[in-house]
Structures are given as structure tokens and as C-alpha cells.
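Position one of the sequence shown corresponds to residue 512 (the numbering used here), numbered consecutively onward.
Working notes, structure below.
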Amino acid sequence: RDFFQQESPRLGNQYLEDSYLLELLPRVVPEKVYEQIKGDLTRFGDRVMGDILQYGRASEANPPKLVQYDAWGRRVSKIIVDEGWKILQDISAQEGLVAIGYERPVQEYSRLYQYLKVYLFACSSAVFDCPLSMTDGGARLLELYGDKEMMQGPFKHFTTRDPKNFWTSGQWVKYTEMTEKTGGSDVANSETIAVGKGDGKNYDISGYKFFTSATTANSAILLARDKESAESGFRAEGSRGLSAFYINIRDKQGELNNIIIHKLKNKFGTKAVPTAELELLETPSRLIGAKGRGVPVIASILNITRIHNVIHSVGTMRRSVAIARDFAHRRMVFSSKLAENKLYLSTLAEMEIELRAGMQFFLDVTILLGKSECLAKNDQTESLLRILTPLSKLYTAKQSITVASEVMECLGGTGYMEDSDIPRLFRDTQVTSIWEGTTNVLSMDVWRSIKTHKSLDVMLDVVKNRINVPFPEILAFSHKVINDSLKQVEEMAKKVTVDGDIEFVESNAKKFAF
Ligand code: MFK
Ligand code: FAD
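The structure is reproduced here in C-alpha cells:
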């Protein structure tokens, strides 16, 4: 018998089918820039549905394995990844997924160009954008703080388009189980010790790292406490006693550089990304930036990787909406297509609204980053970037989890099946609200930016002025989104601020309610 066969959702060019992006992009970049980048985005929009998606699926199906010892009992700590994962690394180099941000072919719009490609890439690549984000952050850190040797060495490897020379970088913050407040959010608990070699530059680092993603990377930036400050008393200087260090994970022979990998994490999602627990045993390192200023130095990475988190979250919402929309034209319920069903359409509309909100954040924060890096210093740009980075990260992460959960239901029971690809989308975005700073921690960061940079006033001015632009509907919408996300911050701030601050919290909150 010929039983009914449901057609699966089919996605085409992920750039050309992104109607909201196509509508916004020519409005936010000069025409010349738009002409320069649209051909590459169109080509790449096809590619992410072709070989890149296949390599992503293969990497997911064959997650990394750790081989601790060889047949002769020698400790090798070797991580074996799928061939597809390695090819994704080559493709990332060739496509300039990090390089574009440093080649700057379209000046201050280069970040937008680069990040639009990462946005198209993210959900096809089994989260290869995770190691890319850290490489990008590492490149920016070296651009800001690296000496000539660093710029001619690792920086070039991070930003090359040549796959043979392309390196990825990890970013490790110490996690400790010894204290009551553990160390992911509160890095002051670091027990990792750096022992100086007397030249003020070179150190040997020892410690145990609880979360190290991209352990197959060539290099990492990490935080450690130098021995003298450690000996002056645990946490004596809080996070201000920490410094940032650069290490080569592997030596010239490709062997681990005084590092033991203890285990690979057994994760809920991001299955293709090798995340490990490892131990550094007097690993040679170089101090980056000033001693004791590790947190502000590493913040230059965090502020980049948090924007990548926004990209991943918005990319997830876009992929979810694309699948649900296409399916609506293929699935019949109660004698008509889902696409003709008002109730179903209202569910789609809610998802689309969250996607559009995320897209606003994504474009704004990315354009600001490009301006901050390429144009003369401007206090308004810096204040806006300082607040929008954590705000957009905390908001889009939460919404992407909601939207990815909704698309699962949109596809009915099949959406719950592993081989529908939806569980992967859902699992992979669940982590976006945890890594790169949890929602509470980022709320405090937003709050810090309001207090130290007066960033709320600057943001309010910009939002109010934009009401005169030709697209007021977008403005009203941006306002709602920012308002919603700030409410979350306000609630948090009310709970944690000391009595004297409550007035400050409330008066700032009122300012936004125009
Ligand atoms: C798929 C795309 C995404 C890919 C993800 C890649 C894989 C995931 C990898 C990770 O998860 S990496 C680890 C991420 N870890 C975090 O995000 C840490 C979360 N904790 C925080 O964010 C804390 O706020 C932080 C450790 C940064 C600071 O806490 P503290 O120890 O209480 O320090 P404090 O006093 O707030 O700040 C110290 C200095 O740093 C201050 O400067 P000053 O000394 O000059 O006053 C701050 O202004 C500065 N600072 C802090 N956050 C900053 C910053 N400066 C600029 N930007 C920031 N965001
Ligand atoms: P905690 O800091 O203990 O937080 C526990 C809870 O307390 C959270 O809900 C948090 O919001 C809340 N909390 C903490 N402080 C406050 C506060 N002051 N006020 C209110 N609430 C608070 N880290 C790296 O350095 N490098 C990596 O490569 C890396 N890869 C990762 C990969 C994966 C898959 C995951 C899941 C994590 C990874 N991490 C990595 C670690 C990640 O950054 C941390 O897990 C995260 O920052 C939270 O830290 P924690 O796990 O110690 O939780």
C-alpha cells in the first residue's frame, strides 16, 4: 500500500530567504558597502545549506573522543575529532570568518560583514562558531595588548585565510571546587599559579581547568595569579590579583605542552565541540597586558565572544523560524495547510517577533563594534557598546531557547526526533545563557555600565532620536525589547543593591519608561 508521505521542510539560500535581514541591511550600510558584500553573502547563503551542513551533521554524529594512553601505556591525551570538524576549520579560514574582521575590507562595516557570515554559518556548523569566537577574541586581545612577536606569530595564525596556517584559540577561566562560590562567574577564586622566570614576561603556569572548550586548539589565553600575590593570601587581591597569559597548547612537534587532559565533558549539547578538564603542569606562558589587570585584559575577549553568542542565538531563532515557516506550507491539518491556520500563524508570528528583536540587537551591537574599532574614539559609541554587549547577550540567549523549544512543537512529534535536526538546535542554544556569563552575571555587568559609563542616558538619547527616522515601527519595537531586557536587570539590581542604591535603581528605571 502507498501510505501517506509527509514532505520534510526544505530550506534554500539562507541569505536570500532571510526577508527581514534583506530589508534591514541596505538601510544600515552605505550602498557601496552593500554592493561590495551582497555577492559573497549570497554565495555563502547557499554553501551553509550544502557542504557546511553536511560536515556539521557528521561532526555531531561522531563526537570527539579522548584517547588517554597508547597501546604501550604511554600517556598521549589525544583528542580525536571527526574529519568534518577539521574541514570546517579549513572552510572557516578560507571564508575569512575571523580574517574579515581584521582585513577590514569595508572599514567600519567589516565586523558586520564578518558576523553576517558567522550568523549564516553557526547553525549549520555544529557550533564551530565556538572556537571561532574565541579565536576572534584572542586576535582582538593581541591587537590591543600583544607585542611585535605576538603580532607576527599567533595573531597572524588567528587571522589568516590559509587553512594550513590557521590556528584556533581557547579561552580558559579557572573553575574551582574548593570555595563556596565557585569560579565561573567569580573568577577571583582562581588557584592557577604563575611562577615568573625573572624577566617579567615569561612564566610557568600550573593549575586545573574545569571547562576548556576547543581543547584541540593551538593556543589559549588564561587567567592566573602570580605566585607572590597567591602567597600573600588566597583571594587577598580578589580578581585584581589575576593576570592574563598566553600559552601554546602544543609544542613544535604537536605534543601537548606540559598539559594533561583529564576528561572530555559529557555535555547536554555542543556535542561536536571538544570541551575538556585539563591540568597545566608548569606550562610555559607569556604575560599579556599589565600584571594584576587580567580581568580587564581578558574582557577584550569576553566582549567579542559575547557578541558571537548573540550571533549564535539570533542564528538559532532564524533557523527555527525558517523551518517552521517552510513546514507550514507542507503540512495539512483539518483539511487545510498550517500556513492558512490563524492560530498556527500567531505562533509563528511570536517567533518572528523574537527573531526580529534579536536581529535589531545583532545589527546594532555589531555596527557599534566596527565603529569602535575603526573610527576615531567616540564616547557615545563606547558607552553604547558597553551596555548593549551584555544586554543583547542576555536577552537573545533566553529568547533563542524559547524559540528553539517552540519550533520543536511546531513540527509536532517529528520535531522531537533526533534526525529532524531540531533537538540539536535546541541543545546547542541552551548553553548560550550559561557560557560567556550567565544572565544574572550579565545583568550585573549592564548595571555596572549604567553606573560607570552613564550608558543608560546615552542609550535613551539614541533611542529617542531615532524616533524621527523613517521607520518608527522598528523604533517602537526596539524600545519594547530594550525595556523588557532592562526590566530583568532592574529586578536583579533591586535584589542585590545595598539600601542607598535603591533610589538610583528606581530613578534610572523610571527614565526609560517614556
Ligand atoms: C557560539 C558563540 C559563543 C561561544 C562561546 C565560547 C565558549 C564559552 C567559553 C566561556 O564560557 S569562557 C568563560 C566566560 N566567563 C565569563 O563570562 C565570566 C563571567 N564573570 C564575569 O563576567 C565577571 O563580571 C568578571 C569575571 C568579568 C568580573 O568580575 P569581578 O572579579 O567581580 O571584577 P570586577 O571588579 O567587576 O571588574 C574588574 C575590572 O574589569 C573592572 O575594571 P577596573 O579594575 O578598571 O575597575 C571592570 O570594569 C572590568 N570589566 C569587567 N567586565 C568588563 C570589564 N571591562 C570591560 N568589559 C567588561 N565586560
Ligand atoms: P556559577 O558561577 O557557580 O553560577 C551558578 C549560578 O549562580 C548561576 O545561575 C549564576 O547566574 C548564579 N550567580 C553567580 N554569581 C551570582 C551573583 N553574583 N548574583 C546572582 N547570581 C549569581 N569557561 C571557560 O573559561 N572556557 C571555556 O572554554 C568554557 N567552555 C564551556 C563550555 C560549556 C559547554 C559550558 C557549559 C561552560 C563552559 N565554560 C567555559 C564555563 C562557563 O563560562 C561557566 O560555566 C559560566 O561562566 C558559569 O560559571 P559556573 O559554572 O562556575 O557557575
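Just so it is clear, CB atoms sit at the ideal spot from N, CA and C, and this is done for glycine as well.
Three-state secondary structure (DSSP) of residue i
{"i": "Met919", "result": "helix"}
{"i": "Ser750", "result": "helix"}
{"i": "Asn713", "result": "strand"}
{"i": "Glu691", "result": "Legend: pLDDT at Glu691 = 23, less than 50; position of this residue unreliable, value from coordinates given subsequently. Note: Glu691 maps to coil in three-state DSSP."}
{"i": "Arg842", "result": "coil"}
{"i": "Lys888", "result": "coil"}
{"i": "Gly765", "result": "coil"}
{"i": "Ala801", "result": "coil"}
{"i": "Ile945", "result": "coil"}
{"i": "Asn951", "result": "helix"}
{"i": "Arg672", "result": "coil"}
{"i": "Asp737", "result": "strand"}
{"i": "Val706", "result": "strand"}
{"i": "Ala755", "result": "strand"}
{"i": "Ser644", "result": "helix"}
{"i": "Arg586", "result": "strand"}
{"i": "Ser931", "result": "helix"}
{"i": "Pro520", "result": "coil"}
{"i": "Ser796", "result": "strand"}
{"i": "Ser824", "result": "helix"}
{"i": "Asp972", "result": "helix"}
{"i": "Thr858", "result": "helix"}
{"i": "Pro983", "result": "The pLDDT assigned to Pro983 is 47, lower than 50, so where the model puts this residue is not dependable; a value taken from the coordinates is nonetheless given after this. Note: Pro983 maps to helix in three-state DSSP."}
{"i": "Asp697", "result": "coil"}
{"i": "Thr900", "result": "helix"}
{"i": "Thr940", "result": "helix"}
{"i": "Tyr613", "result": "helix"}
{"i": "Leu652", "result": "helix"}
{"i": "Val832", "result": "helix"}
Counterpart residues of residue i in DSSP-defined beta bridges
{"i": "Lys720", "result": "Leu789"}
{"i": "Lys576", "result": "Ile591"}
{"i": "Ile771", "result": "Glu790"}
{"i": "Ser847", "result": "Val844"}
Residue i versus residue j - alpha carbon distance
{"i": "Lys667", "j": "Glu534", "result": "36 Å"}
{"i": "Arg672", "j": "Gln625", "result": "13 Å"}
{"i": "Gly707", "j": "Arg736", "result": "11 Å"}
{"i": "Leu532", "j": "Asp932", "result": "23 Å"}
{"i": "Phe908", "j": "Asn820", "result": "Reading off the sequence shown, one finds Ala at residue 908, where the question assumed Phe. Near 7 Å, if we compare the C-alpha coordinates of Asn820 and Ala908."}
{"i": "Asn777", "j": "Thr877", "result": "33 Å"}
{"i": "Phe872", "j": "Leu813", "result": "17 Å"}
{"i": "Pro537", "j": "Lys543", "result": "10 Å"}
{"i": "Thr690", "j": "Asn700", "result": "Reliability fails at Thr690, whose pLDDT of 25 lies under 50, so the model's placement of it is uncertain and the value that follows must be treated cautiously. Looking at the two C-alpha atoms, the distance is approximately 7 Å."}
{"i": "Thr723", "j": "Leu791", "result": "12 Å"}
{"i": "Tyr613", "j": "Lys659", "result": "16 Å"}
{"i": "Asp593", "j": "Leu564", "result": "14 Å"}
{"i": "Glu654", "j": "Ser603", "result": "20 Å"}
{"i": "Ser944", "j": "Thr913", "result": "12 Å"}
{"i": "Met661", "j": "Leu652", "result": "10 Å"}
{"i": "Ile716", "j": "Ser796", "result": "7 Å"}
{"i": "Glu863", "j": "Leu874", "result": "16 Å"}
{"i": "Thr816", "j": "Val808", "result": "14 Å"}
{"i": "Asn729", "j": "Glu893", "result": "32 Å"}
{"i": "Asn524", "j": "Ala839", "result": "18 Å"}
{"i": "Leu623", "j": "Tyr526", "result": "14 Å"}
Identity of the residue in the options nearest residue i by Cα
{"i": "Ile818", "options": "Met870, Ala604, Asn768, Thr723", "result": "Met870"}
{"i": "Ser960", "options": "Thr940, Leu902, Val973", "result": "Leu902"}
{"i": "Trp596", "options": "Asp551, Gly612, Leu643", "result": "Leu643"}
{"i": "Leu1029", "options": "Ser824, Met843, Ser954", "result": "The requested residue 1029 is not part of the displayed model; the chain covers only 512 to 1025."}
{"i": "Ile822", "options": "Trp958, Arg586, Asp939, Gln516", "result": "Asp939"}
{"i": "Gly695", "options": "Leu953, Ser966, His964", "result": "Leu953"}
{"i": "Phe669", "options": "Gly681, Thr646, Tyr656", "result": "Thr646"}
{"i": "Ala637", "options": "Val559, Arg797, Trp946, Glu606", "result": "Val559"}
{"i": "Leu734", "options": "Ala725, Thr727, Gly718", "result": "Gly718"}
{"i": "Ser750", "options": "Ser680, Leu859, Glu702", "result": "Glu702"}
{"i": "Lys998", "options": "Val969, Ser894, Glu619, Asn951", "result": "Asn951"}
{"i": "Cys634", "options": "Pro541, Gln605, Leu753, Thr781", "result": "Thr781"}
{"i": "Leu967", "options": "Ala725, Leu896, Leu874, Ser911", "result": "Leu896"}
{"i": "Ser530", "options": "Glu739, Val832, Leu753, Phe555", "result": "Val832"}
{"i": "Arg842", "options": "Ala801, Gly926, Thr794", "result": "Gly926"}
{"i": "Asn713", "options": "Asp697, Lys675, Gln663, Ala801", "result": "Ala801"}
{"i": "Phe937", "options": "Glu920, Met928, Ala915, Gly948", "result": "Ala915"}
{"i": "Cys885", "options": "Ile771, Leu608, Ser621, Cys921", "result": "Ser621"}
Any chain B beta carbon closer than 8 Å to residue i
{"i": "Leu564", "result": "Absent from the structure is chain B; it holds one protein chain and no more."}
Review point. Fully enclosed by the segment 532 to 569, which alpha helix (DSSP H) runs are 4 residues long or longer?
Key: 542 to 558
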